[in-house]
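Residue numbers (my numbering): 35 to 451.
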């Protein structure tokens, strides 16, 4: 028998216990051993008596119990979770976690400590087995690109905006449906996506980057004018996590993105997640499914438990020796090269276009397409550019915003083709 202790019995933890109990026969058949939760740790044990497992408020009763084989950490957060997981690893427990924030900051530290199996499939894209795909299924490949919708809240909001709902209304609806928190900043600001992208990049490239090192932008400034422009030019707007290998450099970024509406990933709407991975051997593979929710995440947690029960002990981040760690470097966000969409609100005056085009040209930026949308008291100018360097775009925007006819901050979105 494999004995499991769970720290954190919220939505996911409760679903893990329930599904291990409900599907115990098929799980035993697939793992070759019975798997049983023998203890749970929670702040208020009285609320979870219905789970019929021994309960405690002290995580050390799990991490240091000699009879427990696997510790499952599901409390979330960074510092306390790091303390708990580190203690479990130091006491030779296998660990399974769904904690993306913990891994975004401490995955390489934990890899150094871990002498036992460490599963974290549930930390990215819920029930989609993207960790196993990258670490195992695609292990013969250099990963050239990862492009993913890995936050269901943002995808739901943008999908509703495509139907004509303003951002504020779509966000409110997402909150009412339980897809967004009362304070949605972590999701709509792109931080949740960034944490997940960093985990995937670790497996693809063995690169130890932190959230502060990469470009992170959210969807808060997207409006219906942007949605209309996208539609007119054959694009969809999605919040993407993007990783690219360019020679021996790695580009990591999270931001709203205009992508062609004939791409498979552009068709993923609602709260669903999707990840495209391009390998140099296999080409493009695509992964789609539910990215959040108790049962979807529990499914990934249990898959890790089963893998450990079978005796698998794969390298945590997919590398047994540091083949590329000395070679690859992170590209500075200012050096990213992309096409761009610009939304500029101006007074309706002569010479406006000429002055804007002049500043763009001075900064090595050429215009690919242009639309004009008259409003009651001003005009919205919508541009798309040819490829340009991020620092040049930012410099040009700063200069344009100083012009006396520009009446609002300029919004810009990167175009991925």
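C-beta atoms are modelled at their ideal positions from N, C-alpha and C, and glycine is treated no differently.
Item	Value
Run of the alpha helix (DSSP H) containing residue 136, from where it starts to where it stops	134-147
Start and end residues, alpha helix (DSSP H) containing residue 263	258-266
Where residue 307 falls, given that 16 or more other Cβ within 10 Å makes a residue buried	buried
Length of the line joining the Cα atoms of residue 332 and residue 310	23 Å
Pair within 8 Å by beta-carbon distance, residue 184 and residue 158	yes
Assumed close pair residue 128, residue 342 - CB separation to whole angstroms, cut-off 8 Å	5 Å
Other residues of its chain near residue 191: CB distance less than 8 Å, five sequence neighbours each side excluded	201, 204, 205, 208, 214, 222 and 253
Cα-Cα separation between residue 63 and residue 147, rounded to whole angstroms	32 Å
Rounded C-alpha distance that separates residue 232 from residue 210	30 Å
Nearest-angstrom Cβ-Cβ length linking residue 434 and residue 444, presumed shorter than 8 Å	6 Å
DSSP-derived helix/strand/coil call for residue 331	helix
Distance between residue 156 and residue 262 (C-alpha atoms, nearest Å)	35 Å
Completely contained beta strand (DSSP E) runs for the region 290-323, where each covers 3 or more residues	306-313
Rounded C-alpha distance that separates residue 344 from residue 338	10 Å
Min CB distance residue 107 to chain C below 8 Å	Here chain C cannot be found, since the structure has a single protein chain.
Residues near residue 431 in its chain [Cβ-Cβ closer than 7 Å; skip 5 each side]	444 and 446
Rounded C-alpha distance that separates residue 495 from residue 165	This structure gives no information on residue 495, because the portion of the chain shown stretches from 35 to 451.
Assumed close pair residue 255, residue 351 - CB separation to whole angstroms, cut-off 8 Å	Between residue 351 and residue 255 the Cβ distance is about 34 Å, and since that is not below 8 Å, they are no contact.
N-terminal and C-terminal residue of the alpha helix (DSSP H) that residue 82 is part of	Looking at the DSSP string, residue 82 is not in any alpha helix (DSSP H), and its letter there is neither H nor E.
Beta bridge counterpart(s) of residue 273 as assigned by DSSP	290
Residue 365 versus 436, 292 and 279, residue with shortest Cα-Cα distance	279
Whether residue 172 touches residue 317 by CB criterion (8 Å)	no
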